[in-house]
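Have a look at the structure below, then the notes.
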Amino acid sequence: MSPADSLRLILLSTLWGMSFIFMRVAVPEFGPVPLILVRMGIGSLLLLPLLFSLRYLTLVWENKGGLLLLGLVNHVLPFSLLALATVRLEAGFTSLINATTPIFTALLGALFFTTPVQRQQYLGLALAFFGVYVLSANRLDFSLGGDGWFILAAVGATFCYGVATNYSKTYLSHLPVRVLAAGSTAMSALILLIPGLWLWPSEPISGLAWANGLGLAIFSTTLAFLLYFGLISSAGATATSTVTFLVPVSALLWGYLLLGERLSLQVLVGMAITLAGTAIATGMIRWRRHETA
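Mind the numbering: the sequence shown is residues 672 to 964 in the numbering used here, read in order.
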């Protein structure tokens with residue numbers, strides 16, 4: 672990666688790390704679905720100018736079904752599930768579970784999209800899941816008032832990302848990145864419009880919650896999407912995927928500095944195991960066999 676790309680990668684990880692802070696602060700007043708309506712509604716308004724061309728508008732119309740499905744599984748469902756998770760879970764903790772996205776991408780790719788999985792990757796998958804267990808072992812309480820369902824919501828979000836990644840790679844890779852970004856964001860806003868307004872809170876929303884909601888839409892969605900797709904274009908998908916390892920670090924740091932979230936030994940050990948497993952599963956860490964003469 673060039674120095675400029677490295678800088679953009681760090682900025683992207685910061686923006687996506689901050690998204691967990693924005694959700695943690697704003698979701699108690701908005702509720703999960705209305706907050707994501709704000710996120711995708713404003714994001715789509717800011718990204719739509721990228722489509723002001725007959726060619727791009729034609730591509731959106733011809734692929735409207737695929738973009739609608741992509742918006743559902745890559746934005747609406749996972750963003751709403753993560754917002755629900757942050758009602759109860761710390762921002763840094765939620766981001767660490769979210770870091771297992773490549774695990775579900777690999778598993779679903781092998782099961783349904785004929786993507787080969789190498790022997791080494793199975794070790795990485797098992798290690799990453801063990802890391803998630805270490806993170807959440809003492810919090811898997813599914814009784815009323817427990818954290819178990821919120822942890823399950825965060826895991827569900829990563830499952831959705833795994834479906835979306837494989838689907839877009841298999842069926843939508845021919846589309847320009849601006850069509851994918853702006854088109855799927857606009858479709859997401861349309862899906863969320865009725866349920867988001869239906870669930871809109873009856874109590875007035877504070878200025879602090881609105882500021883975090885707008886930050887989520889402008890910085891962690893619009894600007895982050897532009898950086899993300901720009902990085903894929905200039906540095907490649909493999910190099911860009913390293914953001915997976917930087918986002919939890921960013922979220923943990925911001926959670927500690929801004930929200931006073933505690934960094935326990937269990938969280939640090941779980942983070943190390945989870946990220947190591949993810950690195951092995953995605954091929955960033957490889958073992959080479961030594962050939963003998």
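Think of the CB as a built atom: it goes at the ideal place given N, C-alpha and C, for glycine as much as any other residue.
query: With a cut-off of 8 Å, do at least 3 Cβ pairs link the region 916 to 936 to the region 720 to 727?; result: no
query: Any chance the region 791 to 800 sits against the region 752 to 760, with 3 or more Cβ pairs inside 8 Å?; result: no
query: Taking the alpha helix (DSSP H) that I768 falls in, what are its first and last residues?; result: A762 to N769
query: What does a CB cutoff of less than 8 Å around C831 pick up in its chain, not counting 5 residues either side in sequence?; result: V744, N745, L748, P749 and L752
query: Are there 16 or more other CB atoms within 10 angstroms of the CB of G816, so buried, or fewer, so exposed?; result: exposed
query: Using the rule of at least 16 other Cβ atoms within 10 Å of the residue's Cβ for burial, across every protein chain shown, is T963 buried or exposed?; result: Unreliable placement is indicated for T963, whose pLDDT of 45 sits below 50; the coordinate value is still reported in the next sentence. So T963 ends up on the exposed side.
query: Quick check: the region 825 to 845 against the region 686 to 695, are there 3 or more CB pairs under 8 Å?; result: no
query: Helix, strand or coil: how does DSSP classify F801 here?; result: helix
query: Where does N809 sit, in a helix, a strand or coil, going by DSSP?; result: helix
query: If contact is defined by three or more beta carbon pairs under 8 Å, each pair taking one atom from either stretch, is the region 734 to 743 in contact with the region 869 to 876?; result: no
query: Below 6 Å CB to CB, which residues in the same chain sit around G714 once its five sequence neighbours on both sides are set aside?; result: T856, A888, T892 and T893
query: Let's test the definition: count the other Cβ atoms within 10 Å of the Cβ of V698 and tell me whether it reaches 16, buried, or not, exposed.; result: buried
query: Enumerate, from N- to C-terminal direction, the unbroken alpha helix (DSSP H) stretches of 4 or more residues contained entirely within the region 838 to 877.; result: 848 to 869
query: With a 10 Å radius around its C-beta and 16 neighbouring C-beta atoms as the bar for buried, classify E733 as buried or exposed.; result: exposed
query: Flag this pair as yes or no: are the beta carbons of A770 and T949 separated by less than 8 Å?; result: yes
query: Closer than 6 Å by C-beta to F691: which residues in its own chain qualify, once you throw out the five before and the five after it? Chain order, please.; result: A762, T765, S766 and A922
query: Going by CA-CA distance only, name the one from A853, I681, F701 and R695 that's closest to P866.; result: F701
query: For G736, count neighbouring Cβ atoms within 10 angstroms of its own Cβ and tell me buried if that reaches 16, exposed if not.; result: exposed
query: So is H961 buried or exposed if we call it buried at 16+ other beta carbons inside 10 Å?; result: Only weak support exists for where H961 lies, its pLDDT of 45 falling under 50; the coordinates are left without a value.
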